[in-house]
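Colleague:
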Amino acid sequence: MTETETGARENIERHHYDVVVIGAGGAGLRAAIEARLAGKRTAIISKSLFGKAHTVMAEGGAAAAMGNMNSKDNWMVHFRDTMRGGKFLNNFRMAELHAKEAPDRVWELETYGALFDRTKDGKISQRNFGGHEYPRLAHVGDRTGLELIRTLQQKIVSLQQEDYAEFGSYEARLRVFAETTITELLLNDGRIAGAFGYYRESGKLLAFDAPAVILATGGVGKSYKVTSNSWEYTGDGHALALRAGATLINMEFLQFHPTGMVWPPSVRGILVTESVRGDGGVLKNSEGKRFMFDYVPDVFRKQYAETEAEADRWYTDPDNNKRPPELLPRDEVARAINSEVKAGRGTPAGGVYLDIASRRPADFILKRLPSMYHQFKELADVDITKQPMEIGPTCHYVMGGVEVDADTQATPAVPGLYAVGEVSGGMHGSNRLGGNSLSDLLVFGKRAGEFAARYVDELGENRPAVVKSDVEAAVATAVAPQRRPGGENPYDIWHDLQTVMQDLVGIIRRKHELEESLKRLVDIKERIKGVGATGGRKYNPGWHLALDLRNMVIVSEATAKAALQREESRGGHTREDFPAMDPKWRQVNLVCAFDGTDVVLREQPVPTMREDLLLLFDRSEMSKYLTEGELSVFDSAGKGGQ
Amino acid sequence: MGALRNFRVWRGDADGGELDDFQVEVNEGEVVLDVLHRLQATQTPDLAVRWNCKAGKCGSCSMEINGKPRLGCMTRMSTFEPEETVTVTPLRTFPVIRDLVTDVSFNYQKAREMPAFAPPPGVAPGEYRMQQLDVERSQEFRKCIECYLCQNTCHVVRDHEDNKETFSGPRFFIRAAELDMHPLDARTDRKNFARQEQGLGLCNITKCCTEVCPEHIKITDNAIIPMKERVVDNTYDPLVWLGRKIFRRDQLAAQSVTPAPKPVIDTADHAPHGSVWHVTVASPLDAEVGADGRMPVSEVAFDRAGAASPFGETVTFPLPTTELTYQHPTEEES
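In structure tokens form, the structure reads like this:
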């Protein structure tokens, strides 16, 4: 029993575990499996039902250099691709471990029962994907994420069955707390002592005594109006880490897809594949103008058509004609869409039109884009053979996250705290290659579980104790919105936060807009202090949102501040006022910490790549990324001429 | 701005509840889940509804819309008449927690009783070799997003709470079939498990589960029926068949067909309980009896002396060897 601020007595369930994993997506489940295999009593905290995590949305596959399709593929090629994708801001050691260990992690899934698509000789089939030199993505049709999460879920169950046989209880060593949210990490003398949260179902509060916590909470997309992310993506792990004294890096890097559906709402955020443009789709503004011709940068003039007639000839005769400007690189397309919308020529929902219906016959569209057609027909009753799509930038993935040690996934500042998957930062640098997130969570999920277990072993009996007053404070914070029934509607605040982030800290950033966003975020932070919730504790989404808001706003602040500070464009961070990549900025990670009220930033050098890894690249390629000083490695290694 | 439409949403909890009427804005191209979200944002911030991906991939937003089990994110408003009232209620088969959220832990309990994939001994990770044709059969069942609409619609448990103890439901029949058809699963008792522990026999193939499956998995045709056929192959025994024909059911019970005792399940607190899937001996099928409690005795009205062939009149012996279901025992099994 714990006293709450009003003196009412509140029963708080107490649980004792060795390792608490927050998050039940691919990363969390893989970490939990490893901790349990190391003999640790492990709790899995799942914000939704078990098996529903956002991992199910991954379609492409898991990148692993198994070399099943092309024997020339190996970890070094994968490493190179990953570093190029991240524009060399990646933590090289993470990229190295990831490339080396991904094949074993994928093969391991087969021993759990996964059924990937096969090659003719019975091996795991691998598919091509942007940025990967060879076909590399292990996949199951377009539902690889589902296969991955189901496989890990079933492996958890099989471990529970083993425990049942041994101890007579399925939950003797591995328990899933479904529909449970953690609101606070509990510390003792700067070390992890436990965690505090509530059951969504009943609204009851619970506290964990545990010396090790693994954050696997995914991303932050719900701070944006248009996102492919689910409601769970409120940046919980990012915020928990910040409040516990850990740091975030690379928060300015968010992956936006330039063409996500913005209307109708039933499909808002869903990605529209680039092949729509490759097959003849064009972008038009609300005046019906095909506007991309106005946005061809000088460096691309030679490759891209200047007239519609020439562009249209390209689809059938690419050798003798220049490409249509709709096929410019991703960020150019995004910038053009952004400019049109901000100039008032956007659609009512804040996007532009992507039109293939008026340019290609229906049977051609059906044949080339069958799954797109069915998806929009079924979900939104939009017939892409008859009407244009309304599209705009969609928030998809956050590269930034909790700063961790590359080998152990441990946070340097908070002993006992680990982070893995999308919530961790560094692995993907400034941009993530498709397919690298599923393999990321397998590789580092295993490592986090392994090293968290080892940390618990090393502690022995010397476990930090939960401080009673911390639990009381956590209770007070959690029930505070309930005590303000007349407080502001959380949905209104959320909507305003999303507007700020979408409009001012979106895919294309400008100094004055970022400054404006920070002013408005201060205001939103104040309003969150007065947010209210009515309707009791039992499964009350309004209350849940009220508590999630403070996580979203702190993460948004980190992104906005880092985006303002980084005066260059690189990967998932595009500054209109600093359009070029700057080798000096490549040497810098922006580190976010929390001082109790605000996010504070400092610069920190990016770890220097080991020489043997650097020499996997050519000097000529590296010259656009590295400063002259850094390039001297090639000269001393005698590879300067390349 | 869209038009105002009439919605009727069940609100309440385990202690009871009622259908509340709402007038809510609906825009072109929206789905039922969008409208529920608008209700949350504008009128009822505490309306409980599960959802995650809003793209038909996670299976969270299962509910009953105008009485039909559906995913909220996959039910377009354009499928209703403009003046039609849309009624949204929680899944009926599972206990209500609040509003549209139900306690689906029954399914997780049944999942736990399902013996896991058994890796083939002696095959190292990375050495698994399977043909696409062979994995596709199981892959169909692995498309399952665990929305539990099939579990909800299956009348074996929808209308008979008692059956929940012995009946796992369509979701777990396809799981059994998936493992049974997995080219490398080392267990050989999947079918018997389905019959003895999952209650496959209670299914009478009305195909309701197949109809509601948002992933269009052919649950009945591709999983349940093949599993049932294999069970019959395994358990068929002519002597038992003859016994069933001659004796009354109560006499039969006194003799050899006493079913194995079931573990007592305390469903009140969802206490985990064991399964006895390691028992591989098949028990005989129950007899079918007429209204008088007796087996149909067809000999009396038969047109020739002696018992009819248990294999029917159209089968001649010896059977062609290609049609036999017999499998020669291998060293491992014997």
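Which chain is which? The protein sequence lines are H and U, in order. This note's numbering puts the first residue of the first sequence at 1435, with every later residue one more than the last. This note's numbering puts the first residue of the second sequence at 4, with every later residue one more than the last. Even for Gly, the Cβ is constructed at its ideal location relative to N, Cα and C.
Mind pulling the chain U residues with CB within less than 7 angstroms of residue 1509 of chain H?
Modeller: Residues of chain U passing the Cβ test: none, with the nearest at roughly 14 angstroms.
Colleague: Using 10 angstroms around the beta-carbon of residue 1801 of chain H, count the other beta-carbons present and answer buried if the total reaches 16, otherwise exposed.
Modeller: Looking at its Cβ environment, which holds fewer than 16 other Cβ atoms inside 10 Å, residue 1801 of chain H is exposed.
Colleague: Report, in whole angstroms, the separation of the C-beta atoms of residue 1864 of chain H and residue 1628 of chain H, which I expect to be a contact under 8 angstroms.
Modeller: That belief does not hold up - the Cβ atoms of residue 1864 of chain H and residue 1628 of chain H are roughly 35 angstroms apart, past 8 angstroms.
Colleague: With distances taken between CB atoms, is the gap from residue 1840 of chain H to residue 1852 of chain H smaller than 8 angstroms?
Modeller: Against a cut-off of 8 angstroms, the Cβ pair of residue 1852 of chain H and residue 1840 of chain H comes out as no contact.
Colleague: Against chain H, with Cβ distances strictly below 8 angstroms, would residue 30 of chain U count as a contact?
Modeller: Taking Cβ atoms only, chain H reaches closer than 8 angstroms to residue 30 of chain U, which makes this a yes.
Colleague: Starting from residue 1804 of chain H, trace the beta strand (DSSP E) both ways and give me its first and last residue.
Modeller: That residue, residue 1804 of chain H, is in no beta strand (DSSP E); its alpha helix (DSSP H) goes 1804-1814.
Colleague: Whose C-beta lies closer than 6 angstroms to the C-beta of residue 1512 of chain H among residues of the same chain, with five residues either side of it excluded?
Modeller: For residue 1512 of chain H, where only same-chain residues beyond five positions count, the Cβ hits under 6 angstroms are 1499 and 1533.
Colleague: Flag this pair as yes or no: are the beta carbons of residue 1992 of chain H and residue 1682 of chain H separated by less than 8 angstroms?
Modeller: In contact: residue 1992 of chain H and residue 1682 of chain H (Cβ atoms closer than 8 angstroms).
Colleague: Under a three-way DSSP split, which group does residue 1392 of chain H fall into?
Modeller: Since the first residue of chain H shown is 1435 and the last is 2076, residue 1392 of chain H is not available in this structure.
Colleague: Taking only the alpha-carbon atoms, compute the straight-line gap between residue 1748 of chain H and residue 1742 of chain H and give it to the nearest angstrom.
Modeller: Whole-angstrom Cα-Cα distance: 10 angstroms.
Colleague: By how many angstroms is the C-alpha of residue 319 of chain U removed from the C-alpha of residue 1872 of chain H?
Modeller: Approximately 58 angstroms, taken between the alpha carbons.
Colleague: In this structure, what does DSSP give as the bridge partners for residue 1634 of chain H?
Modeller: Residue 1634 of chain H is not bridged to any residue.
Colleague: To the nearest angstrom, report how far apart residue 1546 of chain H and residue 1588 of chain H are at their CA atoms.
Modeller: Straight-line Cα distance between these residues: approximately 8 angstroms.
Colleague: Would you list, in chain order, the members of the stretch 1692-1708 of chain H that have their beta-carbon closer than 9 angstroms to a beta-carbon of chain U?
Modeller: Hits within the stretch, in order: 1697, 1698, 1699, 1700, 1701, 1702, 1703 and 1704.
Colleague: Suppose the cutoff is 6 angstroms on Cβ atoms and the five residues either side in sequence are ignored; what does the same chain contact list for residue 282 of chain U look like?
Modeller: The predicted model places residue 282 of chain U with a pLDDT of 35, which falls under 50 and marks its position as unreliable; any figure quoted below should be read in that light. No residues qualify anywhere along the chain.
Colleague: If you run the structure through DSSP and keep just helix, strand and coil, what is residue 1690 of chain H?
Modeller: Residue 1690 of chain H: strand per DSSP, three-state reduction.
Colleague: Cα separation between residue 47 of chain U and residue 194 of chain U?
Modeller: If you take the alpha carbons of residue 47 of chain U and residue 194 of chain U, they lie about 48 angstroms apart.
Colleague: Between which residues of its own chain and residue 1962 of chain H is the CB-CB distance below 7 angstroms, once the five residues before and five after are set aside?
Modeller: Correct list, in chain order: 1927, 1983, 1984 and 1987.
Colleague: Residue 1579 of chain H to residue 1874 of chain H, Cα distance in whole Å?
Modeller: In a straight line, the C-alpha of residue 1579 of chain H is about 13 angstroms away from that of residue 1874 of chain H.
Colleague: Report the rounded CA-to-CA distance for residue 1787 of chain H versus residue 1745 of chain H, giving the unit in angstroms.
Modeller: Rounded to the nearest angstrom, the two C-alpha atoms are 18 angstroms apart.
Colleague: Would you tell me roughly how many angstroms separate the C-alpha atoms of residue 1956 of chain H and residue 1938 of chain H, rounded to the nearest one?
Modeller: The straight-line gap from Cα to Cα measures roughly 14 angstroms.
Colleague: Within 8 angstroms of any Cβ in chain U, is that where the Cβ of residue 1502 of chain H sits?
Modeller: No, because no Cβ of chain U sits closer than 8 angstroms to the Cβ of residue 1502 of chain H.
Colleague: Count Cβ pairs between the stretch 1807-1819 of chain H and the stretch 57-77 of chain U that sit closer than 8 angstroms; are there 3 or more?
Modeller: Result yes; three or more Cβ-Cβ pairs closer than 8 angstroms.
Colleague: Can you tell me whether DSSP reads residue 2013 of chain H as helix, strand or coil?
Modeller: Residue 2013 of chain H falls in the coil class under three-state DSSP.
Colleague: Sort out for me which residues DSSP pairs residue 1449 of chain H with in a bridge.
Modeller: Partner(s): H/1642.
Colleague: Need the endpoints of the beta strand (DSSP E) that residue 20 of chain U sits in, please.
Modeller: Residue 20 of chain U -> beta strand (DSSP E) spans 19-29.
Colleague: In angstroms, rounded to a whole number, what distance separates the CA positions of residue 260 of chain U and residue 198 of chain U?
Modeller: Note that residue 260 of chain U has pLDDT 39, beneath the 50 cutoff, so the model's placement of it is unreliable and no number is given.
Colleague: Please determine, among H/1799, H/1831, H/1832 and H/1833, the residue with the shortest C-alpha to C-alpha distance to residue 1818 of chain H.
Modeller: Cα-wise, what sits closest to residue 1818 of chain H is H/1799.
Colleague: Once you ignore the five residues that flank residue 1882 of chain H on each side, which residues in its own chain have a CB closer than 6 angstroms to its CB?
Modeller: These residues qualify, in order along the chain: 1465, 1648, 1843, 1852 and 1854.
Colleague: Can you tell me which of U/87, U/18 and U/64 puts its alpha carbon nearest to the alpha carbon of residue 29 of chain U?
Modeller: Per the Cα distances, U/87.
Colleague: Is residue 59 of chain U close to chain H, meaning its C-beta is less than 8 angstroms from at least one C-beta of that chain?
Modeller: Closer than 8 angstroms: yes.
Colleague: In chain U, what lies closer than 9 angstroms to residue 1689 of chain H by C-beta?
Modeller: Correct list: empty, because the minimum Cβ distance to chain U is about 18 angstroms.
Colleague: Can you tell me which of the three DSSP states residue 212 of chain U falls into?
Modeller: Three-state result, residue 212 of chain U: helix.
Colleague: Does the beta carbon of residue 1788 of chain H come closer than 8 angstroms to any beta carbon on chain U?
Modeller: No, because no Cβ of chain U sits closer than 8 angstroms to the Cβ of residue 1788 of chain H.
Colleague: Among H/1936, H/1463, H/1524 and H/1535, whose alpha-carbon lies nearest the alpha-carbon of residue 1508 of chain H?
Modeller: Of the candidates H/1936, H/1463, H/1524 and H/1535, the one whose C-alpha sits nearest the C-alpha of residue 1508 of chain H is H/1535.
Colleague: Interface residues of chain U around residue 1924 of chain H at Cβ under 8 angstroms?
Modeller: Those within 8 angstroms of residue 1924 of chain H in chain U are 48.
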